[in-house]
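The working numbering puts the first residue of the sequence shown at 62, with every later residue one more than the last.
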Amino acid sequence: MLVAGNVAAPPSVIPTVTATLAGNVLTMNWQAPAFGPVTSYRVEAGSAPGLANLGVFDTGTAATRLVVPGVPPGTYYLRLRA
Numbered sequence: 062m063l064v065a066g067n068v069a070a071p072p073s074v075i076p077t078v079t080a081t082l083a084g085n086v087l088t089m090n091w092q093a094p095a096f097g098p099v100t101s102y103r104v105e106a107g108s109a110p111g112l113a114n115l116g117v118f119d120t121g122t123a124a125t126r127l128v129v130p131g132v133p134p135g136t137y138y139l140r141l142r143a
């Protein structure tokens, strides 16, 4: 596919992503990427790197923090997309 003309900037890495777990509450914080404006973020959770088989959550906002209560014990691989 080729798109010519006024197009959005290419994707870039979202800098400084942190995730902490306190009890069963996951808190993620990140900095907005250099390109923009970002209208929402998507968090993908998987059972292995690169997978999103455990869930996908669209934040619906440009806020750079997400709090998720009720996370069951386990190992999760998270990916954040703008």
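We treat Cβ as the ideally placed atom computed from N, Cα and C, and that holds for glycine.
query: Residue from Ala143, Tyr137, Thr77, Arg142 whose Cα sits closest to the Cα of Asn114; result: Tyr137
query: Whether Ser101 touches Gly84 by CB criterion (7 Å); result: no
query: Closest by C-alpha distance to Val104, when choosing among Gly97, Phe118, Thr77; result: Phe118
query: Pick from Val78, Thr77, Val86, Arg140 that is closest to Gly111, judged by C-alpha positions; result: Arg140
query: Cβ-Cβ distance between Pro94 and Ile75 below 7 Å; result: yes
query: Simplified DSSP state of Phe118, which is helix, strand or coil; result: strand
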